[in-house]
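Participant: Structure below; questions to follow.
Numbering (this note's numbering), first residue to last: 60 to 392.
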């Protein structure tokens with residue numbers, strides 16, 4: 060337990076708080092901060108939280124935290140830090156926060172882990188054609204000639220492409236190291252050696268058996284995966300998207316998948332959700348999941364614990380281990 064317990068206010072949806080701030084996490088939060096874990100706000104203008112906001116030194120935020128505007132900051136004269144128990148801070152940390160000089164931390168590193176794990180599983184299953192063969196087995200309900208069906212199937216020496224050397228992209232690269240796979244990465248901002256081959260985006264699309272998208276959603280990355288790049292993919296290759304739906308041209312991808320030429324694992328879409336009549340729901344070469352790659356269930360405790368760890372560091376006068384810098388937001392999620 061720290062001796063100094065900064066006054067802290069929770070800002071997120073009450074539903075998220077009910078899943079995030081529970082059990083040991085709740086006990087730790089109370090131990091390290093002067094906080095009422097039952098007082099949760101999604102509206103800084105709510106008169107019921109005015110007194111707590113005026114006294115708050117730290118905002119412990121998560122999904123559905125409202126924007127922290129100049130007006131909010133005027134009502135929070137003692138606020139010095141924002142500890143975000145989730146990923147991106149772009150939705151609620153406004154320019155006014157940086158102008159005020161607030162310290163900001165994010166649990167994006169903790170949220171990256173389940174996304175990377177989902178991606179690893181998707182890559183290994185995609186190369187093994189698990190979904191396709193499972194569906195065939197379910198249909199035939201008898202012993203299959205798996206050796207006769209398995210030409211070109213398997214993970215040995217397959218080539219995997221990672222789009223974006225983001226936190227998640229780097230973690231996927233690390234998780235792939237124990238396997239006999241050739242890994243390529245494409246990222247125009249990458250300057251360091253990640254121990255894999257750094258190539259241009261078009262070359263990556265031409266060479267890879269599986270391509271996984273981990274770039275941030277920025278104006279310049281909208282429809283990064285377009286019809287022209289999809290056309291460069293090998294017949295039978297798989298596209299995985301756990302990043303943002305806007306990175307992929309849905310119409311172009313749907314055309315390729317409907318033709319049966321490509322496979323896909325899609326956790327995020329544009330629009331989100333897809334309309335009920337989208338063929339992607341029914342195509343046998345598509346695994347479509349409802350944005351489940353990120354932290355869910357027990358995985359939320361990893362995020363909450365990291366955020367509490369950051370509160371401990373703040374209370375001790377130490378810099379955040381997972382601090383966010385305003386200048387990095389232009390090229391990050």
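All residues carry an ideal CB built from backbone N, CA and C; glycine is no exception. Remember, it's a predicted structure, so these values are computed and weren't measured experimentally.
(1) Apart from the five residues just before and just after residue 100, which ones in its own chain have a Cβ nearer than 6 Å to its Cβ?
(2) Sorted by chain position, which residues of the same chain lie with C-beta nearer than 8 Å to residue 336's C-beta, five sequence neighbours on each side aside?
(3) What residues match up with residue 268 in a beta bridge as DSSP calls it?
(4) How about the region 368–382 and the region 199–206: do they share at least three Cβ pairs that are nearer than 8 Å?
(5) Between the alpha carbons of residue 356 and residue 315, how many angstroms are there, rounded?
(6) I'd like to confirm the pairing. Which residues does DSSP put opposite residue 67 in its beta bridges?
(7) CB-CB under 7 Å to residue 62, same chain, minus the five flanking residues each way: which ones, in chain order?
(8) With three or more C-beta pairs closer than 8 Å as the rule, is the region 236–248 touching the region 205–219?
(9) Would residue 432 and residue 127 be called neighbours here (beta carbons separated by less than 7 Å)?
(10) Between which two residues does the alpha helix (DSSP H) containing residue 309 stretch?
(11) Could you give the distance in angstroms between the alpha-carbon of residue 193 and the alpha-carbon of residue 207?
(12) To test your reading of the DSSP string, which unbroken beta strand (DSSP E) runs of 3 or more residues are found completely within the region 137–216?
(13) Using the beta-carbon count (16 or more within 10 Å), is residue 60 buried or exposed?
(14) Between the Cα of residue 265 and those of 275, 290, 285 and 286, spot the shortest distance and give me the residue it belongs to.
(15) Can you tell which of 225, 205 and 131 has the C-alpha that lies nearest to the C-alpha of residue 174?
(16) Pick from 132, 167 and 251: whose alpha carbon is nearest that of residue 158?
Facilitator: In brief:
(1) The residues 70 and 108, in chain order, have a CB closer than 6 Å to that of residue 100 in the same chain once the five nearest residues on each side in sequence are set aside.
(2) Cβ neighbours of residue 336 beyond the five flanking positions: none.
(3) None; residue 268 has no bridge partner.
(4) Look at the beta carbons and you see the region 368–382 not touching the region 199–206: under three pairs across the two are nearer than 8 Å.
(5) Cα to Cα, residue 356 sits roughly 34 Å from residue 315.
(6) As computed with DSSP, residue 67 is found in a beta bridge with 94 and 117.
(7) Non-local beta-carbon contacts of residue 62 in its own chain, meaning distances under 7 Å to residues more than five positions away in sequence, are absent.
(8) Yes, since at least three Cβ pairs between the region 205–219 and the region 236–248 fall closer than 8 Å, the two stretches touch.
(9) Outside the shown range of the chain (60 to 392) lies residue 432, about which nothing can therefore be said.
(10) It spans 309–318 - the alpha helix (DSSP H) in which residue 309 sits, taken as one unbroken run.
(11) Taking the straight line from one Cα to the other gives about 15 Å.
(12) Fully enclosed beta strand (DSSP E) runs of 3 or longer: 140–143 and 162–165.
(13) Any reading at residue 60 must be qualified, since the residue scores a pLDDT of 45, below 50, and its modelled position is unreliable; the value itself is stated next. Counting the other CB atoms within 10 Å of its CB gives residue 60 a total below 16, which places it among the exposed residues.
(14) Taking the Cα of residue 265 as reference, the smallest distance to any Cα among 275, 290, 285 and 286 is reached at 290.
(15) Of the candidates 225, 205 and 131, the one whose C-alpha sits nearest the C-alpha of residue 174 is 225.
(16) It is 132.
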